[in-house]
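Engineer: Residue numbers (the numbering used here): 1 to 929. Let me begin by handing over the structure; questions about it come next.
What follows is the structure, given as structure tokens:
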């Protein structure tokens with residue numbers, strides 16, 4: 001009984017009796033006990049990659065453990081590891097004579113605890129050395145220490161590599177450890193592998209020695225790391241090549257990829273060191289590691305992972321090909337690199353104490369990344385784009401009752417994974433931007449720098465950050481002495497949702513009365529359920545001033561001691577002939593509803609006046625607010641649709657983005673009704689002027705000076721072809737035919753890069769089976785991740801039921817060459833197609849057990865199949881059907897509880913909208929034609 005699989009219950013050590021096989025740990029609290037702390041890890045891992053039938057690893061971990069309180073137990077994490085219990089050793093380091101031993105072990109499979117009971121008490125103040133051997137297969141689950149592969153085109157052979165993904169709680173799948181973020185310790189990693197491979201880890205190589213037991217194998221020891229959390233440890237054995245970057249006085253920086261993709265590393269190798277240097281300046285702290293590697297992994301469940309000194313990426317997030325990747329692809333690569341490198345300070349240097357404050361990592365990295373990209377590529381206006389994109393996402397997600405606070409209690413591993421969502425990332429980023437804007441640059445920077453210096457190499461929680469920022473705010477006088485950051489920001493991070501502020505003007509008296517309540521999409525929830533109070537910095541401007549650059553608050557909406565809303569009146573406003581706009585540049589996360597007169601004054605300026613003097617972000621805001629408020633009945637659709645009419649004059653990207661996001665939600669419902677014909681004509685009328693202004697689908701990209709106009713042309717072209725505006729479909733089909741006529745279509749593609757999504761989708765939509773097969777062959781032959789995704793989403797545009805059904809089935813068939821991480825793009829493409837929606841929904845409901853097993857244990861990937869189903873369901877009978885489906889299939893939806901709740905609530909709000917607004921919308925649209 002030498003080996004113990006940790007999937008099983010605990011077993012006594014060799015020479016002692018065996019525990020009952022149902023034995024489980026008596027310790028059942030979800031956090032590790034605090035009696036012990038790891039002081040240092042020595043981790044040795046031997047990886048075997050030569051035999052594809054037997055990819056595995058074995059190793060041992062030696063942990064120096066400091067005892068803080070007397071105890072007879074050592075509790076740490078281990079999962080799915082085979083542990084050779086007869087070789088576990090425990091030594092008291094204070095004396096060679098002091099022996100200790102393990103008398104028995106237990107397992108708690110709920111919390112992945114591995115508990116060792118010691119023969120003698122461990123004494124406070126002493127340091128013990130625990131050695132544990134372990135082994136396991138390199139799994140296929142994309143977490144822990146797992147396998148990935150790629151096809152070597154020259155040898156026509158599959159090449160294998162190993163890689164780690166430990167966040168949030170998967171280091172325990174690779175070696176026994178104290179797998180919580182606040183158990184930081186230095187690591188010495190030694191990797192064993194065949195000499196034909198390369199070994200990488202967080203730190204630089206210290207020495208390489210030959211392995212005396214196994215021929216042609218080596219041991220590669222890395223330098224000792226700084227203290228770090230287990231989720232940031234990383235290592236890989238691979239046959240990749242790399243591209244070095246050189247910046248004066250900068251850290252050693254290398255970018256790695258499979259050999260046949262190394263030519264796609266140039267952009268990342270250039271951008272990465274620049275953004276790293278920007279952060280050194282912003283945070284006032286040099287990058288803490290001696291080197292940094294970034295590596296593109298063929299199979300990777302996250303977008304990217306910020307492991308300290310060895311950042312891992314999906315290929316689409318790191319690789320860029322100027323021949324195949326669009327401007328949007330390039331911006332995504334820049335944004336993700338900037339995000340991961342921001343984590344090297346926010347998350348790695350200072351780490352949250354517990355996953356409750358995950359947003360301190362993710363919200364910060366998201367916000368700071370947009371500062372980094374803006375600094376390096378100011379011509380992209382990344383800050384404006386990113387800010388508006390985040391706001392549009394959160395206005396939607398956080399208006400659901402089933403949303404959650406930014407900072408939320410976590411008691412199970414599954415709950416940690418659910419927190420990696422739009423609330424932690426985008427809402428976290430949005431409230432930080434708000435704080436940056438009301439504090440000003442000087443206070444914001446000073447507060448961040450003092451927080452990072454104070455908690456370097458340690459752990460912190462959000463109150464620690466509030467303290468540093470309050471001190472800076474008072475020092476630089478950017479906040480009244482009676483205000484503190486904690487009171488203000490807790491109202492945004494500890495409660496769910498965001499407010500709608502109702503502005504009722506007294507035109508005679510030149511004032512306005514402001515009230516706030518939570519904005520919810522579900523209109524069945526009464527006023528009592530819309531409570532809450534937010535501290536709101538109020539920035540505003542008037543038609544006379546038009547001062548949109550001043551985003552500092554002119555006043556505050558405050559909350560009382562018990563959280564009640566304090567009434568607010570704004571004075572010195574203009575008379576009855578001038579509008580007022582609150583929330584300049586959308587600096588804060590709230591919606592504004594004006595009285596009818598103010599809305600009409602705004603519509604007059606937009607449709608007949610100098611509309612461009614209203615800031616571009618505020619134009620996007622007015623569209624978003626008007627359409628949302630009409631959706632929930634706070635506003636009349638007639639006002640909303642009259643406001644949207646002005647778009648025939650609009651030539652900027654952000655207002656159109658805001659409009660399309662909102663119109664898409666209406667389209668998803670209306671296109672399944674008899675009035676779709678009017679909606680279609682309305683969209684054609686709306687977008688014809690901008691389509692013509694941008695020269696249609698003609699390839700004019702080289703002459704476009706503003707980068708946002710490239711994105712605008714891409715987006716407008718997509719809608720124009722969907723709605724058969726002007727010559728859009730004909731031009732798209734001409735491009736596609738030209739491509740099909742090329743003798744070498746994989747090397748020469750005449751379709752303009754930024755229009756490929758539109759051209760491919762339109763051609764598949766209006767094309768034949770041979771058009772579909774041609775594109776599927778291009779997918780299989782492509783070597784560029786961004787191009788592969790473009791093709792995957794386009795293949796779902798067919799209008800043939802049998803083609804779509806076949807596509808759904810091959811999406812989930814591993815032999816067909818769609819990697820598991822990419823399958824959701826194909827499914828979503830079919831599901832968002834009006835013909836494919838019912839097929840995809842039925843496929844999901846009929847095959848839910850199979851789909852669950854396909855994604856398990858990365859259930860968040862499965863949750864991404866749900867939005868197209870929820871967004872297009874609007875009949876009460878379909879909603880009830882899905883509700884029954886959920887209650888009958890709880891086992892196959894485990895870990896998706898939050899996503900399911902939000903799916904059902906979205907369906908319900910669609911049902912409400914259809915019943916309340918459909919006729920009024922149809923009438924408003926007919927009136928505008």
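We treat Cβ as the ideally placed atom computed from N, Cα and C, and that holds for glycine. Computed from a predicted structure; not experimentally measured.
#1: Look at the Cβ atom of residue 714, then the Cβ atom of residue 757, and state whether they are nearer than 9 Å.
#2: Rounded to a whole number of angstroms, what is the C-alpha to C-alpha distance between residue 508 and residue 542?
#3: Quick one: residues in its chain with C-beta nearer than 7 Å to the C-beta of residue 432, no 5 flanking neighbours on either side, listed in chain order?
#4: So, at 7 Å on beta carbons, what are the nonlocal neighbours of residue 729 in its own chain, with the 5 sequence-adjacent residues on each side left out?
#5: Which residue from 338, 266, 357, 274 puts its Cα closest to that of residue 1014?
#6: Using the Cα positions of residue 895 and residue 415, report the straight-line distance between them to the nearest angstrom.
#7: So, residue 742 versus residue 752, is the Cβ gap smaller than 9 Å?
#8: Let me know the secondary structure DSSP gives residue 22 once reduced to three states.
#9: Could you pull the start and end residues of the beta strand (DSSP E) that residue 58 belongs to?
#10: Of the choices 677, 927, 724, whose alpha-carbon is the least far from that of residue 687?
#11: Looking at the structure shown, is residue 599 part of a helix, part of a strand, or coil, going by DSSP?
#12: Taking the beta carbon of residue 913 as the centre, do at least 16 other beta carbons fall within 10 Å, making it buried, or is it exposed?
#13: Helix, strand or coil: how does DSSP classify residue 113 here?
#14: Do residue 549 and residue 585 come within 9 Å of each other at the CB atom, strictly closer than that value?
#15: Is any heavy atom of the ligand HEM found at a distance shorter than 8 Å from the C-beta of residue 690?
#16: For the alpha helix (DSSP H) containing residue 353, name the first residue and the last one.
#17: Scan the region 101-162 and note each continuous beta strand (DSSP E) run of 3 residues or more that stays entirely inside, going in chain order.
#18: Report the partner residues of residue 73 according to the DSSP bridge assignment.
#19: Here's the rule: buried if 16 or more other CB atoms are within 10 angstroms of the residue's CB, otherwise exposed. What is residue 903?
#20: Extract the residue ranges of the alpha helix (DSSP H) inside the region 542-629, only unbroken runs of 4 or more that lie entirely within it.
#21: Starting from residue 698, follow the beta strand (DSSP E) in both directions and report where the run begins and ends.
#22: Please classify residue 106: is it buried, with 16 or more other beta-carbons within 10 angstroms of its beta-carbon, or exposed?
#23: In the DSSP assignment, find the alpha helix (DSSP H) that holds residue 923 and state where it starts and stops.
#24: Tell me which same chain residues have a C-beta within less than 8 Å of the C-beta of residue 599, skipping the five on either side of it?
#25: Spell out the partners DSSP gives residue 46 in its beta bridges.
#26: Among residues of its own chain, excluding the 5 on either side of residue 771, which ones have a beta-carbon nearer than 8 Å to its beta-carbon?
#27: If I measure Cβ to Cβ from residue 843 and keep anything under 6 Å in the same chain, skipping five residues before and after, which residues do I get?
#28: Confirm, please, whether the CB-CB distance from residue 127 to residue 39 is below 9 Å.
#29: Counting only the same chain and skipping the five closest in sequence on each side, list residues whose C-beta sits under 8 Å from that of residue 356.
#30: Count Cβ pairs between the region 47-55 and the region 115-135 that sit closer than 8 Å; are there 3 or more?
#31: Evaluate contact between the region 235-249 and the region 187-196, counting only Cβ atoms and requiring at least three cross-stretch pairs below 8 Å.
#32: If residue 342 sits next to residue 279, beta carbons under 8 Å apart, how far is it from one beta carbon to the other, in whole angstroms?
#33: For residue 924, is the classification buried or exposed, using 16 other Cβ atoms within 10 angstroms of its Cβ as the cut-off for buried?
#34: Tell me whether the beta-carbon of residue 80 lies closer than 9 Å to the beta-carbon of residue 90.
#35: Go ahead and pull the three-state DSSP assignment for residue 446.
#36: Relative to the C-alpha of residue 230, which candidate in 269, 289, 166, 250 has its C-alpha closest?
Structural biologist: Reading off the structure:
#1: In contact: residue 714 and residue 757 (Cβ atoms closer than 9 Å).
#2: Their backbone Cα atoms lie some 16 Å apart in a straight line.
#3: Setting aside the 5 residues that flank it on each side, residue 432 is surrounded in the same chain by 363, 364, 367, each with a C-beta closer than 7 Å to its C-beta; the list follows chain order.
#4: Counting only Cβ-Cβ distances below 7 Å, and skipping sequence neighbours, we find 721, 762, 766.
#5: Beyond the ends of the chain as shown, which are 1 and 929, falls residue 1014; an answer cannot be given.
#6: Taking the straight line joining both Cα atoms gives about 8 Å.
#7: No, they are not a contact pair.
#8: Note that residue 22 scores a pLDDT of 33, beneath 50, so its modelled location is shaky and nothing firm can be said.
#9: Note, residue 58: beta strand (DSSP E), 56-67.
#10: That would be 724, whose Cα lies nearest to the Cα of residue 687.
#11: Residue 599: helix per DSSP, three-state reduction.
#12: Here residue 913 is buried, its C-beta having at least 16 other C-beta atoms within 10 Å.
#13: Per DSSP, reduced to three states, the secondary structure at residue 113 is strand.
#14: One thing to note: residue 585 has its Cβ within 9 Å of the Cβ of residue 549.
#15: Absence of the ligand HEM from the depicted structure is noted, as is the absence of any ligand whatsoever, leaving it without description.
#16: From DSSP, residue 353 is part of no alpha helix (DSSP H); its letter is neither H nor E.
#17: Entirely contained in the region 101-162, the beta strand (DSSP E) runs reaching 3 residues are, in chain order, 102-108, 113-122, 127-137, 144-152.
#18: DSSP, once it has assigned bridges, lists 117 as partnering residue 73.
#19: Result: buried.
#20: Here the runs fully enclosed are 596-608.
#21: DSSP places residue 698 in no beta strand (DSSP E); its state is neither H nor E.
#22: Buried, since its Cβ has 16 or more Cβ neighbours within 10 Å.
#23: Element bounds for residue 923: 897-928.
#24: 626, 635, 639, 643, listed in sequence order.
#25: For residue 46, which the question treats as bridged, DSSP gives the partners 58, 192.
#26: Cβ contact annotation for residue 771 (same chain, cutoff 8 Å, sequence separation greater than five): 736, 740, 763, 764, in chain order.
#27: Cβ neighbours of residue 843 beyond the five flanking positions: 808.
#28: Against a cut-off of 9 Å, the Cβ pair of residue 127 and residue 39 comes out as a contact.
#29: Counting only Cβ-Cβ distances below 8 Å, and skipping sequence neighbours, we find 407, 408, 409, 410, 461.
#30: In short, these stretches do not touch, since the Cβ pair count stays below three.
#31: The region 235-249 vs the region 187-196: in contact.
#32: At roughly 6 Å, the Cβ-Cβ gap stays under 8 Å, so residue 342 and residue 279 are in contact.
#33: It counts as buried.
#34: Against a cut-off of 9 Å, the Cβ pair of residue 90 and residue 80 comes out as no contact.
#35: Looking at residue 446 - three-state DSSP - the assignment turns out to be helix.
#36: Just measuring C-alpha positions, the residue of 269, 289, 166, 250 sitting nearest residue 230 is 166.
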